[in-house]
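Residue numbers (this note's numbering), protein chains in the order written: chain A, 235 to 545; chain B, 235 to 545.
See below for the structure under consideration.
2 protein chains.
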Amino acid sequence: MDKQTLIETHQRIKLFIHNTPVLSSTLLNEMTGAKLFFKCENFQKMGAFKMRGAASAITSLTNEERQKGVVTHSSGNFAQAVALAAKQLNTKAYIVMPENAPQVKKNAVKDYGGNVIECGATPEAREEAAVRIKKQTGATFLHPSNQDEVIFGNSTAAIELLQNKPDLEVILTPVGGGGLIAGTALAAHFFGNTCEVVGGEPFEVDDAYRSLQSGKIERNTTTNTVADGLRTYLGDRNFPIIQKYVDRIIRVDEEEIIRAMKLIWERMKIIIEPSCAVPFAAVLREKEKFKSKKIGIILSGGNVDVTKLPF
Amino acid sequence: MDKQTLIETHQRIKLFIHNTPVLSSTLLNEMTGAKLFFKCENFQKMGAFKMRGAASAITSLTNEERQKGVVTHSSGNFAQAVALAAKQLNTKAYIVMPENAPQVKKNAVKDYGGNVIECGATPEAREEAAVRIKKQTGATFLHPSNQDEVIFGNSTAAIELLQNKPDLEVILTPVGGGGLIAGTALAAHFFGNTCEVVGGEPFEVDDAYRSLQSGKIERNTTTNTVADGLRTYLGDRNFPIIQKYVDRIIRVDEEEIIRAMKLIWERMKIIIEPSCAVPFAAVLREKEKFKSKKIGIILSGGNVDVTKLPF
């Protein structure tokens with residue numbers, strides 16, 4: 235977990251990802267009194283930062299491993315990311331998805347060339363299915379957030395952001411499984427100039443906030459949030475990084491998330507998914523603390539059903 | 235109407251507009267078989283290309299004229315554009331709007347510092363009101379589309395696009411009042427390398443298509459289109475330019491517009507208004523003719539009520 239590893243990871247995946255643009259908005263700067271720089275991973279390949287972790291994990295395999303393929307369980311962005319990265323790298327991708335997952339998500343994975351394996355709707359069923367595929371095919375299991383190569387891949391969004399804006403005082407990301415904020419914290423530590431890292435998390439799934447307080451990985455008792463990408467919990471690979479390098483986590487309520495999402499849509503004219511709005515909601519909530527600061531925000535993704543919006 | 239005028243216009247307004255980004259999408263290229271370059275005027279100040287025409291018109295006034303202010307009637311993007319450009323140039327803006335215009339549009343003009351003058355909901359009432367303001371204040375009347383300075387200002391979007399992609403074979407724009415396509419046609423003529431200009435127009439308001447056929451300015455009998463920015467008709471300043479320099483107009487139906495809009499939202503993760511989707515709908519409609527070509531599309535604007543979408 236040193237600087238060189240992150241540099242090598244970035245070099246290794248550069249051909250398979252976009253160096254996404256950094257946007258700013260006069261109106262949102264005026265509204266917050268801060269200088270905001272949005273790293274637009276909603277414009278990333280397949281529409282989310284998860285492409286970076288997936289590309290990193292697959293490019294770190296040996297040729298022999300790569301021939302046998304990769305397997306993951308996800309019904310979200312990581313499923314599409316693994317399918318697309320595997321396709322680009324000429325690898326088979328086995329994606330375990332619950333049978334009740336929306337058909338549109340299964341189709342998205344298939345469109346990217348992934349093999350969808352359906353399973354029951356419980357965590358046990360999906361793990362069983364993944365283990366079975368692994369045994370049958372020799373495929374390597376990839377975890378959406380709790381795997382070093384994935385975390386290193388995720389770090390490259392903040393590395394690019396800091397290359398573009400070296401004097402950022404703070405970078406914010408959403409906190410779900412912990413893979414994005416852990417990678418971002420490593421990037422800020424090794425590439426920033428005393429740059430803080432702050433997480434945004436919904437009150438409804440504030441496991442990371444509570445984990446940092448208790449010192450052990452907490453689970454969520456409810457998952458009643460519009461930020462559907464953040465309903466997961468931390469893991470043993472990313473939690474120590476978060477403990478060491480993340481400054482704090484700001485919790486926001488559902489109305490704040492929806493308001494922040496709508497503001498970014500209306501003012502910046504870009505499409506972001508609800509989870510992606512959480513860090514900006516955190517800045518709005520603690521406006522006074524962020525005033526006058528140069529702030530980076532990782533816009534994590536833009537995969538949202540535009541016919542089912544929360545506003 | 236020479237090249238030098240367009241160059242001078244661009245120089246004059248540069249400080250007051252964004253040089254908006256040009257985006258492309260692998261997925262949309264694959265879908266059409268063409269190479270598409272989208273000039274993102276939805277990211278322009280106040281969210282639409284109209285900012286260019288408004289800035290051009292106001293910067294072309296004498297100091298004396300500018301002190302007396304400007305007046306226009308519009309309930310759309312031009313109203314906001316004039317208000318914002320006038321504010322930047324320290325000029326008073328009088329915007330005549332029908333009393334039944336949505337409050338959100340009136341507020342947007344006021345937010346930019348414009349003076350809203352309400353009038354009856356008929357074309358006669360708004361013209362009367364504009365004439366009255368002109369008499370009372372000595373303000374200069376600005377037309378949203380049928381005024382040389384506005385047309386020259388609009389041309390700068392295509393000039394920037396051609397500076398970025400000099401070998402475009404065709405540029406498409408929507409056709410409403412005719413100001414954008416006329417400016418684009420001038421830019422393609424003076425700055426392009428045998429670059430065609432093609433308009434996209436809804437069947438429901440195909441006045442420009444019929445005008446080119448009949449040789450005189452036709453009006454619309456219905457305005458029943460989702461592309462609310464295109465319900466107007468051509469004028470005596472822009473029609474001759476369109477006759478001389480526009481190659482053809484492709485008409486599209488309402489379903490095609492909505493499908494094109496949704497595709498751009500979902501695949502490019504950017505917000506465009508319905509009128510803005512019309513040229514891409516035209517490319518999809520005549521896919522075979524555009525195949526393998528390098529195509530520029532002016533994305534005209536992104537001001538849409540995100541709580542009232544057509545899909």
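Where is the CB? At the ideal position from N, CA and C, for every residue including glycine.
- prompt: For the beta strand (DSSP E) that contains residue 328(B), what are its first and last residues?
  reply: 327 to 332
- prompt: Beta-carbon of residue 532(B) versus every beta-carbon of chain A: anything under 9 Å?
  reply: no
task: For chain A, find out if any of its Cβ atoms is closer than 9 Å to the Cβ of residue 265(B); answer yes or no.
output: no
message: For a quick check, are the C-beta atoms of residue 522(A) and residue 485(A) less than 9 Å apart?
response: no
query: Quick one: any contact between the region 373 to 388 of chain A and the region 461 to 475 of chain A, if contact means 3 or more CB pairs under 8 Å?
result: yes
Closest residue to residue 254(B) among 322(B), 477(B), 541(B), 534(B) (Cα-Cα distance): Residue 534(B) is the option with its Cα nearest to residue 254(B).
message: Check whether chain A comes within 9 Å of residue 541(B), counting only Cβ atoms and requiring the distance to be less than that.
response: yes
- prompt: Are the C-beta of residue 247(A) and some C-beta of chain B separated by less than 9 Å?
  reply: no
- request: Anything in chain B within Cβ reach of residue 503(A), meaning under 7 Å, just list it in chain order.
  value: 276, 277, 281, 504, 505, 536
query: What are the residues of the region 480 to 496 of chain A that lie near chain B, defined by any Cβ-Cβ distance shorter than 8 Å?
result: 496
- prompt: Are residue 291(B) and residue 384(B) close, meaning C-beta to C-beta below 9 Å?
  reply: In terms of Cβ geometry, residue 291(B) and residue 384(B) form a close pair [threshold 9 Å].
message: Taking CB distances under 9 Å as the criterion, tell me whether residue 545(A) reaches chain B.
response: yes
message: Only counting the same chain, and skipping five residues up and downstream in sequence, which positions put a Cβ closer than 7 Å to that of residue 279(A)?
response: 251, 252, 285, 318
query: At what residues does the alpha helix (DSSP H) containing residue 403(B) begin and finish?
result: That residue, residue 403(B), is in no alpha helix (DSSP H); it is neither H nor E in DSSP.
- request: Please report the Cβ distance between residue 462(A) and residue 508(A), rounded to the nearest whole angstrom; I am assuming they are in contact, meaning their Cβ atoms lie under 8 Å.
  value: 7 Å
message: Run through the DSSP bridge pairs and tell me what residue 545(A) is partnered with.
response: Looking at the DSSP assignment, residue 545(A) forms no beta bridge with any residue, so it has no partner.
- prompt: DSSP on residue 520(A), reduced to helix/strand/coil?
  reply: coil
message: Quick check: is the beta carbon of residue 436(B) nearer than 9 Å to any beta carbon in chain A?
response: no
query: Nearest-angstrom Cα distance between residue 370(A) and residue 296(A)?
result: 19 Å
- prompt: Interface residues of chain B around residue 500(A) at Cβ under 7 Å?
  reply: 540
- prompt: Would you call residue 474(B) buried or exposed, if buried means 16 or more other Cβ atoms sit within 10 Å of its Cβ?
  reply: Residue 474(B) comes out exposed.
- request: Would you tell me roughly how many angstroms separate the C-alpha atoms of residue 300(B) and residue 343(A), rounded to the nearest one?
  value: For residue 300(B) and residue 343(A), the distance between alpha carbons rounds to 58 Å.
- request: Spell out whether any CB of chain A is found under 9 Å from the CB atom of residue 255(B).
  value: yes
message: Could you pull the DSSP bridge partners for residue 431(A) from this structure?
response: 405(A)
query: Beta carbon of residue 332(A), beta carbon of residue 353(A): below 9 Å?
result: yes
- prompt: Are there three or more Cβ pairs, one per stretch, closer than 8 Å when the region 261 to 278 of chain B is compared with the region 498 to 514 of chain B?
  reply: yes
message: In the DSSP output, what is residue 352(B) paired with across the bridge?
response: 331(B)
- request: Decide yes or no for the touch test of the region 421 to 433 of chain B against the region 385 to 404 of chain B: beta carbon pairs closer than 8 Å, at least 3 of them.
  value: yes
- prompt: So, do the region 443 to 458 of chain A and the region 257 to 264 of chain A have three or more beta carbon pairs nearer to each other than 8 Å?
  reply: no
- prompt: Given 8 Å as the limit, is there contact between the region 401 to 420 of chain B and the region 486 to 501 of chain B, that is, 3 or more CB pairs closer than that?
  reply: no
message: So, with DSSP's three-state summary, where would you put residue 530(A)?
response: strand
task: May I ask you to report which of helix, strand or coil DSSP gives residue 286(B)?
output: Residue 286(B) carries a helical assignment under DSSP once its states are collapsed to helix, strand and coil.
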